[in-house]
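Trainee:
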Amino acid sequence: MTLMGAAALLILILTYAGVAIGRIPGLRLDRAGIALLGGAAMIAIGTLSMEDAYRAINFDTITLLLGMMIVVAHLKVSGAFRALGAYAIEHAHAPFMLLVMVTLLTGILSAFLVNDAICLVMAPIVVHVTRVINRNPIPYLIATATASNCGSVATITGNPQNMVIGALSGISYPAFSAALAPVALFGLVAVIVIVRVVYRTEFARSAELSPEVYRGRMLPGQVLKAVVVCVGLAVAFFAGVPVAKAALIGGAILLLTRAIKPARIYREIDGPLLFMFAGLFIVVAGAEKTLLTPDIIASAKNLGLGDVWRLSGFTAVLSNVMSNVPAVLALRPFIPGLENPERAWLVVAMSSTLAGNFTLLGSVANLIVAEQARAAGTQLSFSAFFKVGLPLTLLTLATGTAWLAAGF
1 MTLMGAAALL
11 ILILTYAGVA
21 IGRIPGLRLD
31 RAGIALLGGA
41 AMIAIGTLSM
51 EDAYRAINFD
61 TITLLLGMMI
71 VVAHLKVSGA
81 FRALGAYAIE
91 HAHAPFMLLV
101 MVTLLTGILS
111 AFLVNDAICL
121 VMAPIVVHVT
131 RVINRNPIPY
141 LIATATASNC
151 GSVATITGNP
161 QNMVIGALSG
171 ISYPAFSAAL
181 APVALFGLVA
191 VIVIVRVVYR
201 TEFARSAELS
211 PEVYRGRMLP
221 GQVLKAVVVC
231 VGLAVAFFAG
241 VPVAKAALIG
251 GAILLLTRAI
261 KPARIYREID
271 GPLLFMFAGL
281 FIVVAGAEKT
291 LLTPDIIASA
301 KNLGLGDVWR
311 LSGFTAVLSN
321 VMSNVPAVLA
331 LRPFIPGLEN
341 PERAWLVVAM
351 SSTLAGNFTL
361 LGSVANLIVA
371 EQARAAGTQL
381 SFSAFFKVGL
391 PLTLLTLATG
401 TAWLAAGF
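First residue of the sequence shown: 1, per our numbering; consecutive thereafter.
#1: Between the C-alpha atoms of L27 and G18, what's the straight-line distance to the nearest angstrom?
#2: In or out: H93 buried (at least 16 other Cβ within 10 Å) or exposed?
#3: When you compare each of I125, N58, L109, D52 to R82 by their alpha carbons, which one comes out closest?
#4: Do you know offhand how far N366's Cα is from L360's?
#5: Apply the 10 Å Cβ neighbour rule to V347 and answer buried if 16 or more other Cβ atoms are within range, or exposed otherwise.
#6: I need the DSSP call for H91, collapsed to helix, strand or coil.
#7: Taking the alpha-carbon positions, what's the I171 to N136 distance?
#8: Give the single residue among R267, A278, P326, S351 whose Cα lies nearest to the Cα of K76.
#9: Rounded to a whole number of angstroms, what is the C-alpha to C-alpha distance between S169 and E342?
#10: Is T359 helix, strand or coil when you go by DSSP?
#11: Shortest alpha-carbon distance to A259 belongs to which of L219, S110, F237?
#12: Taking A178 as part of the alpha helix (DSSP H), name the residues at either end of that continuous run.
#13: Within the chosen definition, does the segment 126-135 reach the segment 307-327 through at least 3 CB pairs nearer than 8 Å?
#14: For M350 and S110, I'd like the C-alpha separation in whole angstroms.
#15: Does K225 pass the burial test, meaning 16 or more other C-beta atoms within 10 Å, or should it be called exposed?
#16: Measuring only the C-alpha atoms, how far is A181 from P174?
#17: Between the segment 365-383 and the segment 397-408, can you find at least three pairs of beta-carbon atoms closer than 8 Å?
#18: Can you give me the start and stop residues for the alpha helix (DSSP H) that G337 sits inside?
#19: If I measure Cβ to Cβ from S177 and keep anything under 7 Å in the same chain, skipping five residues before and after, which residues do I get?
#20: Rounded to whole angstroms, what is the Cα-Cα separation between G257 and G251?
#21: Would you decide whether R200 is buried or exposed? Buried here means 16 or more other CB atoms lie within 10 Å of its CB.
#22: Is I118 helix, strand or coil when you go by DSSP?
#23: If you measure between the beta carbons of A35 and L48, is that distance less than 8 Å?
#24: State the start and end residues of the unbroken alpha helix (DSSP H) segment that holds P137.
#25: Residues in the same chain with beta-carbon distance under 6 Å from S319, minus the five sequence neighbours each way, listed in chain order, please.
#26: Per DSSP, what kind of secondary structure is P242 in: helix, strand or coil?
#27: Alpha carbon to alpha carbon, how far is M122 from A402? Give it in angstroms, no decimals.
#28: Going by alpha carbons, who is nearest to V102 out of L331, S148, A239?
#29: V321: buried (16+ other C-beta within 10 angstroms of its C-beta) or exposed?
#30: Identify which residue in V127, L84, S152, K245 has its Cα closest to the Cα of L113.
#31: How many angstroms separate the CA atom of A73 from the CA atom of A247?
#32: Beta-carbon within less than 7 Å of A190's beta-carbon, same chain only, minus the 5 sequence neighbours each way: which residues are those?
#33: Please list the segments of the alpha helix (DSSP H) lying wholly inside the segment 14-74, counting only runs of 4 or more residues, in order along the chain.
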């Protein structure tokens, strides 16, 4: 290995370790800063030129994520999410029906919009409702987090790692959904069943619920416009319009308003996530250029990653060690050389997402729910989540892998 290769390997290891941990001891760097620092280091040591770095960044992924963030921000600021959540929950007249409503609403919204944003909206509503009706919020919060992960499996726009995979693989939106929407649906049913079994005492307490949810201020005109844009986006996605193009145009249209200041929308955009993606793209490209020889890439076959079950398990472990987006990017060089790269990408999308339900730290969506609950005075513990997360992850991963292995 050359000196530059050794330096690139060290940068790769330190960057991925920092992103996995979320910080560097003694410094105030977050994941975005760590990824950008790693990318800058790759350029500084000469692994990549500036032109190489620009080419390394997959702007389709960045653009898609930005466009969807604007759409979700508009839905949130206009009051659409809160109104929809309130309506659904107010029509749940028993604890089990409340669980079903929370799970299905969160899962369906997460299938078409970025799941992290859905958790930001749903978690406070769930805490508020369970307090009003004097129920234990924990099972409903766990259902919110896990349903957001399961539901987001269904489409390219469901979560950030699916967006990366959609851009890298070239799989169309309809083909992606046809393969993984059934897995998502099974996952939502599994969430309901497992939460019901684990927290049987909560649902054994029969009660007639009449929850009233504070809807806050809603802007009907803006809600209508957002709904029209969302329907248009869905049609465009399934019609084969490039998803990044459609999302950017849809987001830009929603900025044309007299009722909402653009600054309110911009505050909802997760800029650090975009920076982290850009940095990781550069780091991975630098590592590929200096470290990945044809023999190393071919070793993926020796590891047996062409086998659906082995690839699924490997992806699940990798996603829990280093987080799902870095895991997907780490696998990027090896997937195209496999016998069936399209199916392999679908396995990676399914496994990296469902593996997020394993522990409370498994996905950003889980952490968002836990943080929103903590801010409202409710503690969602690691052990409470794990009681549901362990059986749910094993069941959904096994079912999803079997589904894809069967060629569906």
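Glycine included, C-beta positions come from ideal geometry on N, C-alpha and C. Keep in mind it's a predicted model, so treat the numbers as computed, not measured.
Mentor: The short version:
#1: Roughly 11 Å between the two C-alpha positions.
#2: exposed
#3: I125
#4: 6 Å
#5: buried
#6: In this structure, DSSP gives H91 a state outside helix and strand, which the three-state scheme calls coil.
#7: Counting only the Cα atoms, N136 lies some 42 Å from I171.
#8: R267
#9: 7 Å
#10: coil
#11: L219
#12: 173-198
#13: Because the criterion of three Cβ pairs below 8 Å is not met, the segment 126-135 and the segment 307-327 do not touch.
#14: 14 Å
#15: Buried is the call here.
#16: Note on geometry: alpha-carbon atoms of A181 and P174 lie some 10 Å from one another.
#17: no
#18: Segment: none, G337 is in no alpha helix (DSSP H) and carries neither H nor E.
#19: A154, T155
#20: Residue identity check: residue 257 is Thr in the sequence provided, not Gly. The alpha-carbon of T257 is positioned some 12 Å away from that of G251.
#21: By the neighbour-count rule (16 or more Cβ atoms within 10 Å), R200 is not buried but exposed.
#22: helix
#23: no
#24: Run containing P137: none; DSSP gives neither H nor E here.
#25: Excluding residues within five positions, the ones whose Cβ falls inside 6 Å are A327, S352, A355.
#26: If DSSP states are grouped into helix, strand and coil, P242 belongs with coil.
#27: 31 Å
#28: Ranking the options by Cα distance to V102, first place goes to S148.
#29: exposed
#30: Minimum Cα distance to L113 is reached at S152.
#31: 13 Å
#32: L392, L395, T396
#33: The qualifying runs are 31-44, 50-56.
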